[in-house]
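Chains as they are written, first to last, in the numbering used here: chain A, 391 to 647; chain B, 391 to 647. Read the structure below first, then the notes.
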DNA sequence: TCAAAAGTGTTCTAACTACACCCATGG
DNA sequence: CCATGGGTGTAGTTAGAACACTTTTGA
């Protein structure tokens, strides 16, 4: 007799196709309403939020696994993605996948053991354009939503630690690489870009110095258009000069923030 | 009948105690004769060099695995160690552990399959004091030696890529963290420290500017002693002020190189 | 006494900081 | 017509680059 699959997944297949003990977790950053947001999932089985994650196929790289997970959760391909750490505490395991919690939720499986095993997880962080994301929960989750970075409370397992490390890594990266292209819409104003930087860095920057510094990198182009409909002088719109932007990604920037 | 163990390892035990598919590889840097060195192993089974590596125990973190490997290869505990990347190309596998190569070398085992499986490897880099290391080959290797970073030719599998990535990561780290404490003996002269920086960065630095910049961090103490026995003015000896050094590790430095 | 390499100081420039003034826009 | 916030400019400060002279040492 065929196995019950109340949550829409063939776990026997999963087990046969994925590496044991290894998963990926993604910290997906977006920027909206002058706030840094992160994509989170709420478990079907326990009352906790977690990062989007998944298993690694037997013939996949971890990057491919993360890309696949992100495609599923956001609908986006071609995502800016960076591996930043592997979390390997032997005690880390997903309580949302623990036999007792899944049974409590009425899930029937024969191979709880595989899901309940020890997992080491490779942390990735992704930068995406908020408005392009269509958040989709996975089979273990009831919802998938953006949360403001400051509103995030406790997360499942060590996911809070993973989130913090991702933030720290992104802040460091900001020192020597331009980011923003992946987080902002095609056109944006200088104050918007500044807000993004301030949000990531967690401190205010001088408006004029910021503008001068950013422009000195020569990675963005001012457009003749302006942002209209504001009760003050209309700011110019800019967009990244992709060629120079990518060159700067390779060469690195010089400044400190 | 008990299994033949011509290379001194019980592989059944290894398999039962280690995670499948996962290994660690360490890029161990040392500094000697004004040269950056890296610790390499020469395989018993094929004519290739590789990085020190090992498997991950079922209840170990990857950090613990790397620490264990380094203890075995160098004799040192308390090593400065940094995880920097996970290498997960599904095609990567160790030719020195491939059945045909081990059989050719006369090794008799029943579970070649385990050794020949796909491995994902977590890359670590370590900074050690050259003179304190007592290089010890592992069971798969005939020798363990220091090689000048510029003399390293081809390495086994993707180890060359791992080495390059380690170097790149260390150079980046040099931008915002002091290193040197782990690579130099307790007392050293300013020109020696400068040579180390020049070697890591791969370019020459101005003697006077270097001294001023390093001293401005206030992480080292000038000793009343000088290095004698040189046919020129005797340079002062310095040592790191551990308290301030560690604080700087946490806070980060400001300068660019 | 000389070559080699260390100690120390100055000048110039570029980058960052901290401000001030004017301008456009919607309410 | 005014509050809000954007566009631009300038002076002061600090960090880095380039460079010169003096000192100590063993051979």
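Glycine included, every Cβ here is placed at the ideal spot set by N, Cα and C. None of the values given here were measured: they were computed from a predicted structure.
Asked, Found
"Alpha carbon to alpha carbon, how far is residue 532 of chain A from residue 454 of chain A? Give it in angstroms, no decimals.", "25 Å"
"Going along the chain, which unbroken runs of the alpha helix (DSSP H) with 4 or more residues stay wholly within the stretch 537-581 of chain B?", "549-566"
"Can you give the beta carbon distance from residue 609 of chain A to residue 634 of chain A, rounded, assuming they're within the 8 Å contact cut?", "5 Å"
"Where does residue 624 of chain A fall in DSSP's three states?", "coil"
"Classify residue 508 of chain A as helix, strand or coil using the three-state DSSP reduction.", "coil"
"Leaving out five residues on either side along the sequence, give the residues of the same chain with a beta carbon under 8 Å from the beta carbon of residue 520 of chain A.", "420, 421, 422, 427, 536, 573"
"Considering only their Cβ atoms, is the gap separating residue 564 of chain A from residue 590 of chain A smaller than 9 Å?", "yes"
"Indicate whether residue 465 of chain B and residue 526 of chain B have their beta-carbon atoms separated by less than 9 Å.", "yes"
"One question on the structure: do residue 456 of chain B and residue 471 of chain B come within less than 9 Å of each other, judged by their Cβ atoms?", "yes"
"With C-beta atoms as the reference, is residue 638 of chain B less than 9 Å away from residue 567 of chain B?", "yes"
"Determine, using beta carbons only, whether residue 478 of chain B comes closer than 9 Å to chain A.", "yes"
"Just checking my contact of residue 416 of chain A with residue 442 of chain A at CB under 8 Å: how many whole Å lie between their CB atoms?", "5 Å"
"Return the residues of the stretch 448-460 of chain B that lie within a Cβ-Cβ distance of less than 8 Å from chain A, sorted by chain order.", "448, 449, 450, 451, 452, 453"
"Among residues of its own chain, excluding the 5 on either side of residue 509 of chain A, which ones have a beta-carbon nearer than 8 Å to its beta-carbon?", "411, 412, 413, 482, 483, 484"
"For the alpha helix (DSSP H) holding residue 402 of chain A, just list the boundary residues, first then last.", "401-407"
"Helix or strand or just coil, what does DSSP make of residue 526 of chain A?", "coil"
"Any heavy atom of the ligand SAM within a distance shorter than 8 Å of the CB on residue 576 of chain B?", "Ligands in the displayed structure: none, and consequently the ligand SAM is not present."
"Taking only beta carbons into account, state which residues of the stretch 404-417 of chain B come closer than 9 Å to chain A, listed in chain order.", "409, 410, 411, 412"
"Name, please, each residue of chain A whose Cβ falls closer than 7 Å to the Cβ of residue 512 of chain B.", "476"
"What does DSSP give as the partner residue(s) for residue 601 of chain B in the beta ladder?", "The partner list for residue 601 of chain B (beta bridge, DSSP) is empty, contrary to what the question assumes."
"Thinking residue 614 of chain B and residue 579 of chain B are a contact (beta carbons under 8 Å), I'd like their distance in whole angstroms, please.", "About 14 Å; that fails the 8 Å criterion."
"Tell me the DSSP secondary structure of residue 615 of chain B in three-state form.", "strand"
"Would you decide whether residue 513 of chain A is buried or exposed? Buried here means 16 or more other CB atoms lie within 10 Å of its CB.", "buried"
"Kindly list the residues whose CB is nearer than 8 Å to the CB of residue 577 of chain B, restricted to its own chain and excluding five residues on each side of it in sequence; keep chain order.", "613, 615, 627, 628, 629"
"In chain order, which continuous runs of the alpha helix (DSSP H) of length 4 or greater are located wholly inside the stretch 418-499 of chain A?", "452-464, 489-494"
"Under 9 Å between the Cβ atoms of residue 549 of chain B and residue 473 of chain A?", "no"
"How long is the line joining the alpha carbons of residue 515 of chain A and residue 623 of chain B, rounded to whole angstroms?", "52 Å"
"Can you give the beta carbon distance from residue 449 of chain B to residue 479 of chain A, rounded, assuming they're within the 8 Å contact cut?", "Actually they do not touch by this definition, with Cβ atoms about 10 Å apart."
"Taking DSSP as the reference, what is the three-state secondary structure of residue 594 of chain B?", "coil"
"What three-state label does DSSP hand residue 517 of chain A in the structure shown?", "strand"
"Does the CB of residue 565 of chain A have a neighbour CB from chain B at under 9 Å?", "yes"
"Can you confirm whether residue 473 of chain A, when its beta carbon is compared against all beta carbons of chain B, has any partner nearer than 9 Å?", "yes"
"At the level of alpha carbons, what is the spacing between residue 601 of chain B and residue 541 of chain A?", "46 Å"
"Quick one: what's got a C-beta closer than 8 Å to residue 391 of chain B's C-beta in the same chain, skipping five residues either side?", "Any reading at residue 391 of chain B must be qualified, since the residue scores a pLDDT of 39, below 50, and its modelled position is unreliable; the value itself is stated next. Hits under 8 Å: none found."
"Write down the C-beta distance between residue 486 of chain B and residue 433 of chain B rounded to the nearest angstrom, noting that I regard them as a contact closer than 8 Å.", "4 Å"
"Would you tell me roughly how many angstroms separate the C-alpha atoms of residue 559 of chain A and residue 499 of chain B, rounded to the nearest one?", "44 Å"
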